[in-house]
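Before any comments, here is the structure.
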Amino acid sequence: MQNINLNDRIPAKGFAVFSKTDTFKPFAFSRHPVGANDILIEILYAGICHSDIHSARSEWKEGIYPMVPGHEIAGRVVAVGAKVTKFKVGDYAGVGCMVNSCGECEACKKSQEQFCQKKQTIFTYDCLDCFHDNEPTYGGYSNNIVVSEKFAINVPKDAPLDKVAPLLCAGITTYAPLKFSNVKAGDKVAVAGFGGLGSMAVKYAIKMGAEVYVFARNELKKQDALDMGVSGFYTSTRGVKERFDLIISTIPTAYDVHSYLNLLKFGGEMAIVGLPPRECSPKIDTMSLVFDAGKKVYGSLIGGIAQTQEMLDFSLKHKIYPEIEVISVEQINEAYEKLTNGKARFRYVIDMKTLQ
Ligand SMILES: [Zn+2]
Ligand SMILES: [Zn+2]
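Here my numbering is used: the first residue of the sequence shown is 802, the next is one more, and so on.
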């Protein structure tokens, strides 16, 4: 990527869906010029998150097409704007779910940019970028990305980039509620849903000293969970005697929230991070909630940029990585099938070198 004029639009290519029923096809597009505070990253790896599937199929909201998903991005900095201080050319960088926000509101000042009070959180894809003439954002299933340096995460040179990519969403999404709920040694933590998010939640919770239990939809990954050191593995909430300080639900499909609330200790907390499609969004019955008072339910959305850096440093220090399977761009459609059918054992990470 030599002789880049930072004032010009940056040519890019990737894989996109052109409608909610489409499969992925090659797509050529361009990105906004590299501003004074922006960096240009050559994408080397991009994770496939379950959110990508929901978005590509317009399951949460009507998507913006063509859509290039991908918000688990790791790569190499190939150009920096004049005022950039956090990165230099040749550094490794990661990009997660956001690429910009207002920077001035209460949430942004607390580095909770995902909750920008001006509603100016710019998500990495499927979002209109109000800082760049409302052009749509395109994600990581592509060869490059231009991002404000504030929204890029420093990745050390010796880090395994393919495993780092999924941390930028799956890692922070599960790390944040464990911190929010102050998980400490001896706490009993249950993780509901044992996919890409669930397995990260298990690893972090164990490292924080918790006794960890898994609820999964089948026994396919029971051995993986036991190998990680979980104390129990269930395929149903029925008849479970254990009671938990914290339950993190990563379930991306319809389920009964109350069957989990019943398993909380008095004063226990349930963090919801999984986001099922709108038409089968789980309901919380107020009657049961009132009679179950003394328990707390909260939602958690990724995490702020400062905490994302903290999560990455923590993960690298303790060698906490996702189980991944590296695939080529040609295998994206197949990966979507497997993720939809619950047949994916590991996080799929696209090797962007396969994009020709
Ligand atoms: Zn994600
Ligand atoms: Zn803001």
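The C-beta atom is built at its ideal place from N, Cα and C for all residues, glycine as well.
Residue i to residue j span [Cα, whole Å]
i	j	result
residue 849	residue 1132	11 Å
residue 1153	residue 942	8 Å
residue 954	residue 1118	16 Å
residue 1003	residue 1093	26 Å
residue 924	residue 999	23 Å
residue 1164	residue 1105	No answer is possible for residue 1164: the residues shown for the chain start at 802 and end at 1157.
residue 1077	residue 804	45 Å
residue 922	residue 1127	30 Å
residue 952	residue 893	14 Å
residue 864	residue 1053	18 Å
residue 1008	residue 988	12 Å
residue 887	residue 1110	12 Å
residue 1057	residue 927	29 Å
residue 934	residue 900	15 Å
residue 932	residue 919	13 Å
residue 950	residue 846	19 Å
Cβ-Cβ distance between residue i and residue j below 9 Å
i	j	result
residue 1103	residue 897	yes
residue 977	residue 1101	yes
residue 881	residue 835	yes
residue 1016	residue 1055	no
residue 871	residue 1151	yes
residue 1097	residue 1068	yes
residue 1018	residue 945	no
residue 1090	residue 815	no
Residue i burial status per 10 Å Cβ neighbour count (16 or more: buried)
i	result
residue 913	buried
residue 1146	exposed
residue 827	exposed
residue 917	buried
residue 1014	buried
residue 982	buried
residue 957	exposed
residue 911	exposed
residue 1095	exposed
residue 895	buried
residue 915	buried
Nearest-angstrom Cβ-Cβ length linking residue i and residue j, presumed shorter than 8 Å
i	j	result
residue 1064	residue 1038	6 Å
residue 878	residue 889	7 Å
residue 817	residue 869	5 Å
Per DSSP, cross-strand counterpart(s) of residue i
i	result
residue 1153	None; residue 1153 has no bridge partner.
residue 876	844 and 894
residue 839	949
residue 1071	1048 and 1098
residue 832	811
residue 868	818
residue 930	936
residue 996	Looking at the DSSP assignment, residue 996 forms no beta bridge with any residue, so it has no partner.
Proximity test, Cβ basis, 9 Å: residue i and chain B
i	result
residue 1125	The structure shown contains no chain B, having only a single protein chain.
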